[in-house]
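Residue numbers (our numbering): 5 to 404.
By construction, the Cβ of each residue, glycine as well, lies at the ideal position given by its N, Cα and C atoms.
Reading through the structure tokens given below for one structure.
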């Protein structure tokens, strides 16, 4: 298993694309900074109380940066208090209006998102760039297939990857002409293949950091798949510095999926990784129900990063469970509990979950102690054998 220090940590397995680095408030983006997770509130921003509640929920779930919509002047007037009380960097999402962009900058937001499809006046771009530069506020050029400049749509026949990349390059040039370089870029498309192609094209044309996302990905059933493929593919190629999963769902679900994508790639280890078999005719118990109960109860525990395996039979189960931090592999009437590669003991089916939770907490304590003590922390040696909690496990030796 990878080395752990008891805290959420970032492991870079993929050669990252070389980019300039900027700061969105306290969060570094690009360069060698960790890949950050963003989401967006769904409230009316001028409802400060509701917006702050959602910002705090997103931050608690793991969002590093939160974007809020600013379509009206009342929303812009609400920004100072949201920025002050938000607890995480706040980005103002601006469309059409240079006035709202300037109000957001004056309010002290930590970043702007501008849509080049509906803010095209070079004079206005200069005004915003000058004001943002004075306050060290970065700007994201948010190119979107649904609001692409009509000239580019006419040129390419539809919002192609080439059209999105061309739009982004043009807008980057406009800002850089005015001496503004704290730029990050997104080229979002609802079609996953076009989205991937657009970012690949753009990666060869700029060193600006990228914000990844599949726009209008849809309900969780489809949106999670689209986002995992689109965002995951690019991250695996070293492309991407911050991500947002767009779902037609509660915003906290976007953050959960974003964390899962980063965890699945081994980029950001946080919380637990549940490995469970898909079940088959060999299963000795209801794997679906067992895995769901384990997931539900583990989610309520404050665990450092660890992998937990729930396997339904004695064929692949022991191998998978042995490779995890802790795991169970079901046999007839009882299951084998593993911890750090060791066989701990046999447990009756109706006590498997409790045994797993007890061991999870024990391993978590070891990880925390090891992190706190450094080299002098607690270690576990394979095959050393440990006392098994008799209140949890007491079935005697394994069958022949």
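Buried or exposed by the 16-neighbour rule on C-beta atoms within 10 Å, applied to residue i
i           : result
residue 334 : buried
residue 210 : buried
residue 312 : buried
residue 25  : exposed
residue 304 : exposed
residue 286 : exposed
residue 22  : exposed
residue 348 : buried
residue 372 : buried
residue 38  : buried
residue 377 : Annotation note: pLDDT 43 at residue 377 (below 50); position unreliable, no value reported.
residue 171 : buried
residue 64  : exposed
residue 300 : exposed
residue 339 : buried
residue 139 : exposed
residue 219 : buried
residue 260 : buried
Close-in-space but distant-in-sequence residues of the same chain around residue i (CB under 6 Å, 5 per side omitted)
i           : result
residue 104 : 74, 80 and 98
residue 146 : 117, 119 and 190
residue 121 : 151, 152 and 153
residue 400 : Low confidence applies to residue 400: its pLDDT is 38, below 50, so where it sits in the model is not reliable enough to give any reading.
residue 233 : 196
residue 293 : none
residue 297 : 357
residue 85  : 52
residue 242 : 18, 19, 20 and 21
residue 307 : 276 and 368
residue 228 : 261
residue 244 : 214, 216 and 238
residue 16  : Because the pLDDT of residue 16 is 46, which lies under 50, any placement of that residue in the model is unreliable, and the question is left without a value.
7 Å Cβ cutoff met for residue i and residue j
i           : j           : result
residue 213 : residue 188 : yes
residue 135 : residue 116 : no
residue 72  : residue 49  : yes
residue 289 : residue 215 : no
residue 196 : residue 230 : yes
residue 41  : residue 200 : no
residue 342 : residue 359 : no
residue 133 : residue 179 : yes
residue 322 : residue 273 : no
residue 202 : residue 165 : yes
residue 76  : residue 102 : no
residue 45  : residue 55  : yes
residue 363 : residue 330 : yes
residue 186 : residue 126 : no
residue 67  : residue 43  : yes
residue 205 : residue 149 : no
Bridge-paired residues (DSSP) for residue i
i           : result
residue 115 : 95
residue 215 : 246
residue 315 : 333
residue 352 : 338
residue 32  : 27
residue 144 : 117 and 188
residue 279 : 313
residue 343 : 330 and 346
residue 69  : 42
Same chain, Cβ closer than 8 Å to residue i, neighbours up to 5 away in sequence not counted
i           : result
residue 157 : 163 and 167
residue 425 : The question about residue 425 has no answer here: the residues shown for the chain are numbered 5 through 404.
residue 236 : 265, 268 and 269
residue 397 : The pLDDT assigned to residue 397 is 37, lower than 50, so where the model puts this residue is not dependable; a value taken from the coordinates is nonetheless given after this. Result list for residue 397: 341, 348, 349, 350, 351, 355 and 359, in chain order.
residue 379 : With a pLDDT of only 40 at residue 379, under the threshold of 50, the placement of this residue in the model should not be trusted; the figure read from the coordinates follows. Correct list: empty, nothing qualifies.
residue 410 : The requested residue 410 does not occur in the structure, where the chain is confined to residues 5 to 404.
residue 183 : 133 and 137
residue 176 : 145, 187, 189, 210 and 212
residue 174 : 120
residue 317 : 281, 284, 286, 287, 288, 333, 334 and 335
Sequence-distant residues of its chain with Cβ nearer than 7 Å to residue i (five each side left out)
i          : result
residue 32 : 25
Residue i CB to nearest heavy atom of the ligand NAD below 6 Å
i           : result
residue 287 : Of ligands this structure carries none, so the ligand NAD is not represented either.
Review point. Touch check for the segment 249-256 and the segment 270-281: three-plus C-beta pairs under 8 Å?
Key: Output reads no: the segment 270-281 does not touch the segment 249-256.
Exercise for review: Could you say if the segment 52-60 and the segment 81-95 meet the contact criterion of at least three C-beta pairs nearer than 8 Å?
Suggested key: Yes: at least three Cβ pairs fall under 8 Å.
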